[in-house]
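Undergrad: Supplied in structure tokens, the structure appears directly below.
Residue numbers (the UniProt record's numbering): 1 to 157.
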């Protein structure tokens with residue numbers, strides 16, 4: 001079974017400014033306090049192939065799992081990560097991908113979108129009940145708040 005979930009938030013900052021957050025590891029620093037116990041960079045420095053180990057706060061579905069950055073498209077402002085060890089893969093998902101898009105809306109605003117794409121064998125379909133956009137909507141909101149609070153002045157354009 002293949003599934004896709006998506007949500008977006010409009011942010012009143014230029015798209016490139018938002019991409020400087022979503023297209024880099026800086027996003028992890030911004031969301032750690034609210035969503036994670038910690039995040040370790042096991043390999044790489046934010047480019048394709050970078051492996052992150054995410055440690056969740058108590059009460060989360062998983063204690064930890066690893067994800068790998070599989071796509072960074074600077075021109076289209078797209079970043080994708082795939083679960084690469086533990087977590088959803090232990091729950092028999094064949095694919096658990098997180099995609100961030102930054103879409104220009106106007107000169108001074110953009111849309112930040114998160115998309116979850118997953119694939120699981122029919123025998124394990126009940127595990128799809130654990131797939132949720134809720135934490136990722138939280139990431140978008142925390143990211144939006146960060147961007148607005150740290151927005152470069154219009155004089156710098």
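Ideal placement from N, C-alpha and C gives every residue a C-beta, glycine not left out.
Please classify residue 58: is it buried, with 16 or more other beta-carbons within 10 angstroms of its beta-carbon, or exposed?
TA: Exposed, by the Cβ-count rule.
Undergrad: By alpha-carbon positions, which one of 68, 106 and 19 ends up nearest to residue 43?
TA: Of the listed residues, the one whose Cα sits closest to residue 43 is 68.
Undergrad: 8 angstroms is my cut-off, CB to CB: does residue 26 come that close to chain B?
TA: Going by chain labels, chain B is absent from the structure shown, which holds only one protein chain.
Undergrad: For residue 18, collect the residues of the same chain with a Cβ closer than 7 angstroms to its Cβ; drop the 5 residues on either side in sequence, then sort them by chain order.
TA: Taken in chain order, the residues that qualify are 11, 102, 110, 112 and 147.
Undergrad: Could you work out which residue in 63, 90, 80 and 95 is closest to residue 46 when comparing CA atoms only?
TA: Residue 46 has its Cα closest to that of 80, out of 63, 90, 80 and 95.
Undergrad: Quick one, are the C-beta atoms of residue 1 and residue 122 less than 8 angstroms apart?
TA: In contact: residue 1 and residue 122 (Cβ atoms closer than 8 angstroms).
Undergrad: Given residue 3, which residues of its chain have a CB within under 6 angstroms of its CB, disregarding the five upstream and five downstream residues?
TA: Same-chain partners within the cutoff: 118.
Undergrad: Between residue 61 and residue 87, what straight-line distance do the alpha-carbon atoms span, to the nearest angstrom?
TA: Straight-line Cα distance between these residues: approximately 8 angstroms.
Undergrad: Note the first and the last residue of the continuous beta strand (DSSP E) segment covering residue 99.
TA: That run of the beta strand (DSSP E) goes 93-106.
Undergrad: In or out: residue 138 buried (at least 16 other Cβ within 10 Å) or exposed?
TA: Exposed is the call here.
Undergrad: Let me check understanding here. Comparing Cα to Cα, which of 132, 36 and 82 lies closest to residue 50?
TA: When only C-alpha atoms are compared, the closest one is 82.
Undergrad: Is residue 26 helix, strand or coil when you go by DSSP?
TA: Three-state DSSP puts residue 26 in a helix.
Undergrad: With 16 as the cutoff for other CB atoms within 10 Å, does residue 100 come out buried or exposed?
TA: Buried, because 16 or more other Cβ atoms sit within 10 Å of the Cβ of residue 100.
Undergrad: Within 10 Å of its beta-carbon, does residue 34 have 16 or more other beta-carbons around it, so buried, or fewer, so exposed?
TA: Exposed, by the Cβ-count rule.
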